[in-house]
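Shown next, in structure tokens, is the structure this report addresses.
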Amino acid sequence: MRRPSRFAFLIIFLLLPSLAAAAGLRGLIRKIEQQYMGLSSKTVMTMQVRAEHWERSLTMESWSLGREHFLVRILAPAKEAGVATLKVERNVWNYLPKVDRVIKVPPSMMGGAWMGSHITNDDLVKANHIDEDYTFELLEETPEQYRIACLPKPDAAVIWGKVVYEIIRPQEVPGRVTYFDEKMVPVREIVFDEVTRVAGRVIPLRMTVQPLDKPNEQTVIHYDAIDFDISIKAAFFSLRNLKN
Amino acid sequence: MLFSLAYRNLWRNGRRSLLTLSAMIVSLALLILALSIFSGMLRDILASATEQYHGHLVISEGDYQENHDLYTTLAETDLPLIERLADSDQVTGLSPRLRGYGLISHTDNSYPAELLGVHPSQEAGVTSLQRQLVAGSALNDGDDRGAIIGETLARRLGVKPGAELVFVTQAADGSIGNDLLIVRGIFKTGDSAHDNGLLLVPLGWLQRTLALPGQVHEVALAIADPMSAPETAARLRPLLPEGVSIVDWGTLLPQMREAIASFDVSRMIFSVILYFATGLGVLNTLFMSVMERTREFGILMAIGLRPGRIRLLVLLESILLGLLGASLGVAGGLVLCALMRDNGLDLSAWITPISYAGGTLPPRLHTVLELRNLLDPTLMLLLTTLIAGVFPARRAARLQPVAAIRMD
């Protein structure tokens with residue numbers, strides 16, 4: 000029997016820190032992607048959307064459990080109050096109170112705007128899985144921040160060609176996330192600010208989604224209230240609850 | 000004198016002349032029939048391509064036809080002017096339309112779809128969708144939320160007439176536009192792009208749902224002669240308000256324009272091949288009759304007929320043959336075309352409709368009589384017989400009287 004060569008041991012020994020580092024990056028990204036969720040959460044947020052032809056503001060409340068259950072409902076304006084979105088695993092349903100119907104968003108419309116914003120249905124479904132679908136590489140490490148590049152795994156069904164996180168180091172909160180398309184052109188940027196301690200966690204209360212090809216448009220989400228680790232069951236995230 | 004001589008010469012060997020004549024008549028009549036069937040196919044495919052969706056001419060604001068931008072609507076003040084313009088001579092139909100894209104849903108099934116908001120009766124004057132129903136009925140003008148839907152889309156959604164649909168989209172004010180529709184009818188055009196993603200809905204309903212009250216994206220026109228669309232567009236263009244554009248079906252359906260150009264080329268090739276054969280037949284007849292009459296031409300020359308007159312004589316014979324053949328051939332062609340007009344030959348038992356270049360070719364052969372289908376082959380036949388007459392005429396004119404008389 001051949002003994003494993005010393006050389007192989009050496010390789011493994013040298014690789015260990017970077018393997019550990021990659022695992023660390025994955026954990027960091029995962030933590031950041033779930034910063035607004037915890038084990039479970041309830042929030043009240045305001046979404047302001049500015050587009051070329053209009054500008055509007057929505058107040059919404061949302062509930063989440065783990066990373067697979069999410070329910071959000073519009074509270075104001077009155078015209079759209081009650082419009083709700085339910086996400087369970089990788090499915091998305093919308094409820095339309097005006098016609099009292101639930102619509103399942105088909106795969107072909109996943110790239111479509113969610114509630115008229117610059118967030119897509121796909122963001123709701125897949126963004127939380129970024130730690131599973133991507134591999135990570137540390138681009139830069141300073142006392143103030145990390146810069147981490149995420150590249151999709153070869154078989155992952157994702158829409159981005161690359162995602163770059165700038166993470167503020169002391170609080171481990173995101174500062175800026177840049178999304179690149181498959182041609183490696185930056186197409187979208189999300190900037191986080193108003194970092195505050197809320198309900199025992201340090202989180203940025205405001206996120207600004209900026210489509211880079213449309214400088215005059217943006218979506219700003221502000222968390223007005225947020226509560227973590229509430230008692231909520233998976234049964235809450237049902238089509239029946241979507242309607243009321 | 001020369002004319003009556005030529006006429007009599009033709010009938011000296013009546014059987015041969017009649018055989019040649021019949022070849023000319025049959026080839027001309029068949030060619031007229033074939034070209035008229037070509038025209039019929041052309042008209043069918045053009046009608047299906049334009050009358051299934053676009054119309055012959057489309058008036059819209061700026062570059063709307065290039066990007067279908069929701070906000071590029073026609074100014075309301077322009078509409079009366081457009082309608083007045085279109086009131087002119089050969090416009091046969093006019094339909095203001097609003098277009099919206101969104102999600103159409105029934106129970107658990109949702110698909111992206113294009114909605115065309117129209118006044119049903121006006122739209123019927125431009126497109127034939129409401130006459131291509133395979134189930135249900137057309138829309139009434141008073142219908143508030145009726146829809147007719149493409150057959151493939153209806154099948155995927157699992158809907159029949161009477162079923163309810165939900166439409167969701169982002170309205171012009173950014174809000175979530177959504178409302179119910181009731182399926183009234185299901186259309187089938189044979190063109191997959193429309194069968195699996197198009198709905199016709201009331202204009203007022205779509206204006207409400209898209210939050211675009213009183214707005215339209217385009218005005219589609221139907222004209223009496225679709226082939227003259229580019230000229231009509233050019234005539235209307237300077238009369239339109241600033242910033243408003245008009246395009247003809249050739250711009251909207253470039254493949255169809257190419258298909259029609261290729262039809263013209265194949266017409267030409269077809270005619271040339273047929274007449275090459277006919278021309279050889281006429282050439283043969285005239286040569287034979289000139290050879291047979293070598294002695295006779297010699298005598299004519301000997302008694303003083305000049306070579307030029309001899310040449311004219313033989314040419315006259317071929318022209319007479321040509322004129323006779325042409326007139327009888329045209330008559331025959333007209334009879335054949337008349338027999339195959341309207342419904343013509345139904346081939347649906349053997350072949351299914353063929354989709355090509357954005358149009359659908361129904362399985363039938365019928366004729367459309369156009370002047371050029373008579374004129375072109377007739378002129379070509381006359382030209383062919385004239386050319387076929389030149390060689391024998393030249394040969395006859397070059398005969399030496401003494402040698403010719405001695406020939407047997």
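For the record, the sequence lines run as chains A and B.
Taking numbering that gives the first Met the number 0, I'd label the letters of the first sequence as residues 0 to 243.
Taking numbering that gives the first Met the number 0, I'd label the letters of the second sequence as residues 0 to 407.
Every residue gets a Cβ at the ideal spot worked out from N, C-alpha and C, and that includes glycine.
This structure is a prediction, so every number in the text was calculated from the model and none was measured.
Any chain B beta carbon closer than 8 Å to residue i
i: ASN120 of chain A; result: no
i: ARG239 of chain A; result: no
i: GLU88 of chain A; result: no
i: LEU95 of chain A; result: yes
i: SER107 of chain A; result: yes
i: MET0 of chain A; result: Any answer about MET0 of chain A is weak, because its pLDDT of 45 lies below 50 and its placement is not dependable; what the coordinates show is given next. Answer no: the Cβ-Cβ gap between MET0 of chain A and chain B never drops below 8 Å.
i: VAL219 of chain A; result: no
i: ALA112 of chain A; result: yes
i: GLY81 of chain A; result: no
i: ILE166 of chain A; result: no
i: ARG100 of chain A; result: yes
i: GLY115 of chain A; result: yes
i: LYS78 of chain A; result: yes
i: GLN71 of chain A; result: Checking the sequence, you will find Val at residue 71 of chain A rather than Gln. It does not; no Cβ of chain B falls within 8 Å.
i: VAL104 of chain A; result: yes
Counterpart residues of residue i in DSSP-defined beta bridges
i: LEU137 of chain A; result: A:ILE147
i: ARG200 of chain A; result: A:VAL197
i: TYR222 of chain A; result: A:MET44
i: GLU217 of chain B; result: B:SER59 and B:ARG96
i: ARG175 of chain A; result: A:GLU165 and A:VAL190
i: ASN283 of chain B; result: Its beta-bridge partners do not exist; DSSP assigns none.
i: ASN108 of chain B; result: B:HIS105
i: LEU45 of chain B; result: According to DSSP, LEU45 of chain B bridges with nothing at all.
i: GLU113 of chain B; result: B:TYR100 and B:LEU197
i: ASN90 of chain A; result: A:VAL87
i: ASP409 of chain B; result: Any property of residue 409 of chain B remains undetermined from this structure, which presents chain B solely from 0 to 407.
i: TRP62 of chain A; result: A:LYS41 and A:LEU70
Length of the line joining the Cα atoms of residue i and residue j
i: GLU217 of chain B; j: ILE103 of chain B; result: 23 Å
i: LEU381 of chain B; j: LEU322 of chain B; result: 7 Å
i: LEU238 of chain B; j: GLU122 of chain B; result: 23 Å
i: ILE272 of chain B; j: LEU319 of chain B; result: 23 Å
i: ASN410 of chain B; j: LEU312 of chain B; result: Given a span of 0 to 407 for chain B in the structure shown, any question on residue 410 of chain B remains unanswerable.
i: PHE179 of chain A; j: PRO151 of chain A; result: 11 Å
i: ALA170 of chain B; j: ARG72 of chain A; result: 19 Å
i: LEU84 of chain B; j: ARG234 of chain B; result: 11 Å
i: ARG205 of chain A; j: GLU79 of chain A; result: 23 Å
i: VAL243 of chain B; j: MET339 of chain B; result: 43 Å
i: GLU113 of chain B; j: GLN33 of chain A; result: 37 Å
i: LEU368 of chain B; j: GLY324 of chain B; result: 20 Å
i: GLY26 of chain A; j: ILE129 of chain A; result: 11 Å
i: SER311 of chain A; j: PHE191 of chain A; result: The question about residue 311 of chain A has no answer here: the residues shown for chain A are numbered 0 through 243.
i: VAL185 of chain A; j: LEU138 of chain A; result: For the record, residue 185 of chain A in the displayed sequence is Pro; it is not Val. Taking the straight line from one Cα to the other gives about 16 Å.
i: LEU197 of chain B; j: PRO142 of chain A; result: 57 Å
i: ARG130 of chain B; j: GLY54 of chain B; result: 15 Å
i: PRO16 of chain A; j: LEU24 of chain A; result: In this prediction, PRO16 of chain A has a pLDDT of 49, which is less than 50 and means its spatial position is unreliable; nothing more can be read from the coordinates.
Within 8 Å, strictly: CB atoms of residue i and residue j
i: PRO160 of chain B; j: GLY184 of chain B; result: yes
i: LEU73 of chain B; j: VAL167 of chain B; result: no
i: GLY332 of chain B; j: LEU17 of chain B; result: no
i: ILE148 of chain B; j: ALA137 of chain B; result: no
i: ILE28 of chain A; j: PHE135 of chain A; result: yes
i: VAL366 of chain B; j: SER35 of chain B; result: According to the sequence shown, residue 366 of chain B is Thr rather than Val. Yes, the pair counts as a contact, with Cβ atoms nearer than the cut-off.
i: ILE24 of chain B; j: GLY303 of chain B; result: no
i: MET36 of chain A; j: ARG66 of chain A; result: yes
i: GLY173 of chain B; j: ALA234 of chain A; result: no
i: LEU348 of chain B; j: GLY278 of chain B; result: Strictly speaking, residue 348 of chain B in this sequence is Ala, with Leu absent from that position. Contact: no.
i: THR293 of chain B; j: MET379 of chain B; result: no
i: VAL98 of chain A; j: ASP178 of chain B; result: yes
i: ILE158 of chain A; j: SER109 of chain B; result: no
i: GLY99 of chain B; j: LEU209 of chain B; result: yes
Cβ of residue i within 8 Å of any chain A Cβ
i: VAL158 of chain B; result: no
i: SER47 of chain B; result: no
i: ASN177 of chain B; result: yes
i: SER174 of chain B; result: yes
i: ALA171 of chain B; result: yes
i: VAL200 of chain B; result: no
i: VAL165 of chain B; result: yes
Contact list for residue i against chain E, beta-carbon separation under 7 Å
i: ALA75 of chain A; result: Given the protein chain composition of this structure (A and B), no chain E is represented.
Quiz prompt | Residues of the region 91-125 of chain B whose Cβ lies closer than 7 Å to any Cβ of chain A, in chain order | solution = Along the region 91-125 of chain B, the positions whose C-beta sits under 7 Å from a C-beta of chain A are LEU102, SER104, ASP107, SER109, TYR110 and PRO111, read in chain order.
Quiz item: Between the region 58-86 of chain B and chain A, which residues of the former have CB atoms less than 8 Å from a CB of the latter, in chain order?
Solution: Within the region 58-86 of chain B, the residues whose Cβ lies closer than 8 Å to some Cβ of chain A are TYR70, listed in chain order.
Quiz item: Looking at chain B, which residues of the region 48-68 of chain A have a Cβ within less than 7 Å of any of its Cβ atoms?
Solution: The residues in question are VAL48, ALA50, HIS52, TRP53 and ARG55.
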